[in-house]
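If you want the numbering used here, it's the position in the sequence shown, counting the first as 1, plus 440.
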Amino acid sequence: MNKTGLAGKVRQVIGAVVDVQFGEHLPAILNALETSNVGNRLVLEVAQHLGENTVRCIAMDSTEGLVRGQDVYDTGAPITVPVGPGMLGRIINVIGEPVDEAGPVDGIEMRSIHQPAPTYVEQSTEAQILVTGIKVLDLLAPYAR
């Protein structure tokens, strides 16, 4: 769970916003932090450095049951999710865990949820019509894709 050696403690919980205080070094912005919440893994994403060795995080699940003083660990990387053809038709939550009861996701490449936008030359510039399947709409007011 703790890949960087950085460990902190929960200082404040306001809804989905959690403030975590660390020692000398702070995790980078957009890094994933992990803690245990009522026996379940809770992932937090660093959103802001507040000063006084404190970071403000956004929780990726419910914070009900999270208490002040609880240990939090830096993963050293952003949140990653599985990508690729094996993910077609699968339903996952925001941290990449399957929720469709079709079993675990294995052998799939993991990528950060923070990716650079495609370059202009990689984008399609063709004008296409989005077929909605509603005949009147497709004929009288077609949508551009």
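Ideal Cβ placement from N, Cα and C applies to all residues, glycine included.
DSSP state of residue i mapped onto helix, strand, coil
{"i": "residue 506", "result": "coil"}
{"i": "residue 448", "result": "strand"}
{"i": "residue 500", "result": "coil"}
{"i": "residue 578", "result": "helix"}
{"i": "residue 491", "result": "strand"}
{"i": "residue 541", "result": "coil"}
{"i": "residue 457", "result": "strand"}
{"i": "residue 474", "result": "strand"}
{"i": "residue 523", "result": "strand"}
Proximity of residue i and residue j at Cβ, strictly below 9 angstroms
{"i": "residue 551", "j": "residue 540", "result": "no"}
{"i": "residue 511", "j": "residue 482", "result": "no"}
{"i": "residue 505", "j": "residue 477", "result": "yes"}
{"i": "residue 497", "j": "residue 507", "result": "no"}
{"i": "residue 449", "j": "residue 509", "result": "yes"}
{"i": "residue 584", "j": "residue 568", "result": "yes"}
Buried or exposed by the 16-neighbour rule on C-beta atoms within 10 Å, applied to residue i
{"i": "residue 492", "result": "exposed"}
{"i": "residue 514", "result": "buried"}
{"i": "residue 559", "result": "exposed"}
{"i": "residue 581", "result": "exposed"}
{"i": "residue 528", "result": "exposed"}
Own chain, CB closer than 7 angstroms to residue i, minus 5 neighbours either side, in chain order
{"i": "residue 466", "result": "489, 493 and 495"}
{"i": "residue 524", "result": "548 and 549"}
Cutoff 8 angstroms; reference residue i; Cβ partners in own chain excluding five residues on either side
{"i": "residue 503", "result": "453, 455, 456, 458, 477 and 482"}
Check: residue i C-beta below 8 angstroms from any heavy atom of the ligand ADP
{"i": "residue 571", "result": "Among the components of this structure there are no ligands whatsoever, and the ligand ADP is therefore not found."}
Beta-carbon proximity list for residue i, same chain, < 6 angstroms, skipping 5 on both sides
{"i": "residue 590", "result": "A query on residue 590 cannot be resolved here, the shown segment of the chain reaching from 441 to 585 and no further."}
Cutoff 9 angstroms: residue i Cβ touching any chain C Cβ
{"i": "residue 460", "result": "This model lacks chain C altogether; it includes just one protein chain."}
Any chance the segment 518–529 sits against the segment 442–461, with 3 or more Cβ pairs inside 8 angstroms? Not touching, per the Cβ criterion.
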